[in-house]
Amino acid sequence: MRQAGEDAIRSEGGPAGEPKAHADEAASEHAEVATDGDADAHEDENGDGTGPWPRERAPMPYEIVRSVQFLQDQVARGNGAAIRVQAQLLRRYGPTFLEQPPEVWTDPRNLRAAALFVLSGGPPAVLRGILSTATIDGDERALLDGALAYVENRARDARAALVPIDVSEMDTALAAQLNLAVAQLLQKDAPADALHRLEQVMLAAPGTLLEEAALRMGVLLAEDIGSHAAADRYARQYFDRFADSAYAGNFRARFSAVYAARPAETKDETVATIDNATARIPDDQRLAIFLAVARRALVGGNLPLAAAMATEALESGNAVPADSQRALLYKTAATLTTGDPVEARVALEAIDVATLHPADRKLHEAAYEVLSEMRKPLMAANIDPAERYGPQPPAEQSAVLTRGAALLDAVRGDLKRAMP
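The opening position of the sequence shown corresponds to residue 2 in this note's numbering, with each subsequent residue numbered one higher.
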């Protein structure tokens, strides 16, 4: 558990853009807070005032946070480079918070901004410094204490401080950030309450990185508590709004894991749900999801769903040869015990193993081994099996299934290592 933004700020990255100029521009705007008119206004009517105000001053904490929020929104729009720029901004302005004079912290806006800054990835030293030098009471004190405990992984202290805070009168950005943090604190012990907090984030911060993170987390939580319709809704919203996010790859992996675990008896409904949720994303991403669900379902033993999703991939019309080979492998392996063994062997032999990932080559080997064992005569004609071989072991203990299970276990291990 780290800052509330870290679930939204850590992933495999995404398409790089050029946000640095925008970030510098935003920071510059926040630094230049006085105009020529402001300077002239400082003189009295007779022109003999004390002189103009300084034309520039260091940005105030609440102004710095606006730049951070700008960059977060760039990340949600798919600008992977904004993650790096944000990290630079957080490092650059951390000392600025600590150098502020004491009177700055008499403004509640600046106290709340400090909490937001650290929850978004800023150094915890910012809050330690403020708490050690400023006199802070009430909700602001609880907010800063809780935010510091949160980023220092002191979950119990963070819950005690943050959960009771009334966010209804807060600025929407802070309320959303705080609800996201509280949801992460509650997700194990009170998942329904955590999901309610995530829904508040979605309502308060539409189109932002906070909503993006809430939707990603919401799919998993809703599925865990059996709210499948809610999980389906969040997934569709994510793909509709954030398919280009720098963290979309992370979500696609989570999505595939969730839907591959749906019950085999609901395979048709699951296929329709996946088809609907991914309707607006690019064809190549959609195909990748079909294949990922098929593979996860296969190695997880959900053979009907694996076969159905592999069929979807084959019939999509968008598969390049390597993807078609994968889809054919998954479909064939999932239907070994229900299809024609001769057709299955022909299909396996037609697959170009050289195009497969090493883990899929093991899956191909496992399917071949199972099929080969299935073809061996289990009994001689007109001879009672008990007379020839003695008592037979239960089917689940047969050499065929034992060999197949061992190889599939190896494939599962490869999958876990490749996709944690």
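All C-beta atoms in this analysis are idealised placements derived from N, C-alpha and C, irrespective of residue type, glycine included.
Check	Outcome
Check whether residue 319 and residue 288 have beta carbons under 8 angstroms apart	yes
Beta-carbon proximity list for residue 268, same chain, < 7 angstroms, skipping 5 on both sides	305, 306, 309
Nonlocal neighbours in the same chain, by C-beta distance under 6 angstroms from residue 83, ignoring five residues either side	20, 72, 75, 76
Residue 219 vs residue 199 beta-carbon contact at 8 angstroms	yes
Candidates 321, 333, 292: closest to residue 314 by CA position	292
Residue 106 beta carbon less than 8 angstroms from that of residue 150	no
Beta carbon of residue 152 nearer than 8 angstroms to that of residue 164	no
Buried/exposed call for residue 246, threshold 16 Cβ in 10 Å	buried
When 66, 80, 248 are compared against residue 1, the one with the closest alpha-carbon	The structure shown does not extend to residue 1, since the chain is modelled only from 2 to 421, so the question has no answer here.
Beta-carbon proximity check, residue 148 vs residue 181, cutoff 8 angstroms	no
Pick from 211, 311, 256 that is closest to residue 174, judged by C-alpha positions	211
C-alpha gap between residue 344 and residue 368, whole angstroms	13 angstroms
Helix, strand or coil at residue 207 according to DSSP, with G and I counted as helix	coil
Contact under 8 angstroms by Cβ, residue 188 with residue 195	yes
Residue 253 versus residue 154: straight-line alpha-carbon distance, rounded	27 angstroms
Proximity winner among 322, 373, 317, 353, relative to residue 338 (alpha-carbon distances)	373
DSSP-derived helix/strand/coil call for residue 310	helix
Under the three-state DSSP convention, the category residue 37 falls into	With a pLDDT of only 41 at residue 37, under the threshold of 50, the placement of this residue in the model should not be trusted; the figure read from the coordinates follows. Helix.
Alpha helix (DSSP H) segment containing residue 274, residue limits	268-278
Neighbour-count burial assignment, residue 393, 16 or more Cβ in a 10 Å radius	Interpretation of residue 393 is limited by its pLDDT of 46, a score under 50 that renders its predicted location unreliable; no figure is taken from the coordinates.
Cβ-based burial, residue 62 [other Cβ within 10 Å; buried from 16]	buried
Assigned exposure category for residue 353 - 16 Cβ within 10 Å defines buried	exposed
Straight-line gap, residue 215 to residue 312 (C-alpha atoms, nearest Å)	32 angstroms
Residues of its chain near residue 346, where Cβ-Cβ distance is below 7 angstroms and the 5 sequence neighbours each way are ignored	372
Contacting residues, own chain, Cβ-Cβ under 7 angstroms from residue 233 (five flanking each side not counted)	274, 278
Residue 294 and residue 260 closer than 8 angstroms at C-beta	yes
Reduced DSSP category for residue 365 - H, G, I as helix; E, B as strand; rest coil	helix
Nearest residue (CA-CA) to residue 99, options 122, 126, 86, 167	126
Buried versus exposed, by CB contacts within 10 Å (16 or more), residue 89	exposed
Minimum C-alpha distance to residue 375 - residue among 193, 69, 336	336
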